[in-house]
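Step one of this worksheet: look at the structure below.
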Amino acid sequence: MNYKIIAAFFVLTLAFYSIGLGGVALLDPDEPVYAQTAREMVETGSWLTPRLNGLLWFDKPPMYFWLSAVSFKAFSVSEFAARFPSALMASLLVVLVYAWALRAFGDEKTAAYSALTLASALLFVFISRAAVTDMTLCFFMNLSFFMFYLALSEPDKKYKYINLFYFFSGFSVLTKGPVGLVLPLLIIVPFLVLRRDWIFLRALYTPAGFLLFGLSALPWYAAMLVLHGSQFFNTFIGYHNLIRFLEPEHVRTSSVFFYAPVLLLGFFPHLAPAGALIKDFIVRASGRDF
6 MNYKIIAAFF VLTLAFYSIG LGGVALLDPD EPVYAQTARE MVETGSWLTP
56 RLNGLLWFDK PPMYFWLSAV SFKAFSVSEF AARFPSALMA SLLVVLVYAW
106 ALRAFGDEKT AAYSALTLAS ALLFVFISRA AVTDMTLCFF MNLSFFMFYL
156 ALSEPDKKYK YINLFYFFSG FSVLTKGPVG LVLPLLIIVP FLVLRRDWIF
206 LRALYTPAGF LLFGLSALPW YAAMLVLHGS QFFNTFIGYH NLIRFLEPEH
256 VRTSSVFFYA PVLLLGFFPH LAPAGALIKD FIVRASGRDF
């Protein structure tokens, strides 16, 4: 692996995503409240319980607030500092995609094209410059999927990588809640069933992996339940996870007809390769060539 190329991707993409990062005011509805929550952590010194305008606020777990608070400490409180964690996570994800593609295809040119395609996609660039949780979730979730890929690729080391899958999934859960583990499993389990890979499916049941997941994800949740009891459970678990899963909060954007054009526009300027990828996936899936 060429570490000079990896360093170049990281430095250049971080510089690209950081240009003018503080030139626009924080945009409603999410950026201001996320930034204010991190600001109050810095000002009060209370980094455990998220607060907004002094009141308990359990909209999201604390990972992005912690990253923003560290950024505020490093750069002072500003729009730039509020958004910098997303730019950093985007650059790390580009590096991860390069390493993943190099591992999968064994070709530096293919790996570089893969990383450049992601790094320059319109929606990816937009999210990399926003003070929201999405890019942090994307990084940790893709890191978890990479561990799953390595487990498939190296069967003799599968338990090592499955354990790491659970460990990094814990950071996803610490970023955006149960979806950080539930969504990957909703993809991985049907995939293994379609492959009829029952041995690997049983390998997902690993006490060591559950322990690592607990170490990375659960201490904060346990602390919130101890400190705030039913208020945390009803607000975060009850409303922000169960109810929002069952009932769309934003009705206007809940239709598939909203996301289809967003995804198409988000792939710009790589619409042709994206179309070829989708076509190839449909052909292979219909032929059960997994």
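When the count follows the working numbering, it moves up by one through the sequence shown with no breaks and lands on 295 for the last residue. In this text, a Cβ means the ideal position worked out from N, Cα and C, and glycines have one as well. This structure is a prediction, so every number in the text was calculated from the model and none was measured.
Mapping the DSSP letters down to three states, classify residue i as helix, strand or coil.
{"i": "L57", "result": "strand"}
{"i": "W71", "result": "helix"}
{"i": "I287", "result": "helix"}
{"i": "F273", "result": "coil"}
{"i": "R207", "result": "helix"}
{"i": "F63", "result": "coil"}
{"i": "V29", "result": "coil"}
{"i": "W279", "result": "Checking the sequence, you will find Ala at residue 279 rather than Trp. It is helical."}
Can you tell me where the alpha helix (DSSP H) holding residue i begins and where it ends?
{"i": "V102", "result": "84-110"}
{"i": "A222", "result": "212-237"}
{"i": "R201", "result": "Here R201 belongs to no alpha helix (DSSP H), and DSSP marks it neither H nor E."}
{"i": "S23", "result": "8-23"}
{"i": "K163", "result": "163-181"}
{"i": "L142", "result": "139-158"}
{"i": "L123", "result": "113-125"}
{"i": "V47", "result": "35-49"}
Out of the options, which has the shortest C-alpha to C-alpha gap to residue i?
{"i": "V99", "options": "F21, K284, L217", "result": "F21"}
{"i": "L26", "options": "F196, L93, Y103, T141", "result": "L93"}
{"i": "Y171", "options": "K181, D161, E159, L148", "result": "L148"}
{"i": "G50", "options": "P274, K181, K78, A106", "result": "K78"}
{"i": "S76", "options": "R44, G111, D139, S174", "result": "R44"}
{"i": "L60", "options": "Y264, A279, G243, H233", "result": "H233"}
{"i": "D33", "options": "M140, I11, E84, L197", "result": "E84"}
{"i": "H275", "options": "A227, A124, L19", "result": "A124"}
Residues in the same chain with beta-carbon distance under 6 angstroms from residue i, minus the five sequence neighbours each way, listed in chain order, please.
{"i": "F63", "result": "F237, T240, F241"}
{"i": "V178", "result": "G185, L186, A222"}
{"i": "M229", "result": "F237"}
Within the same chain, show all residues whose beta-carbon is closer than 7 angstroms to that of residue i, passing over the 5 residues directly before and after it, in chain order.
{"i": "W52", "result": "M46, W71, A74"}
{"i": "N168", "result": "T211, A213, G214, L217"}
In chain order, what residues of the same chain lie with their CB nearer than 8 angstroms to the CB of residue i, ignoring the 5 residues before and after it?
{"i": "K163", "result": "A156, L157, F205, A208"}
{"i": "L247", "result": "none"}
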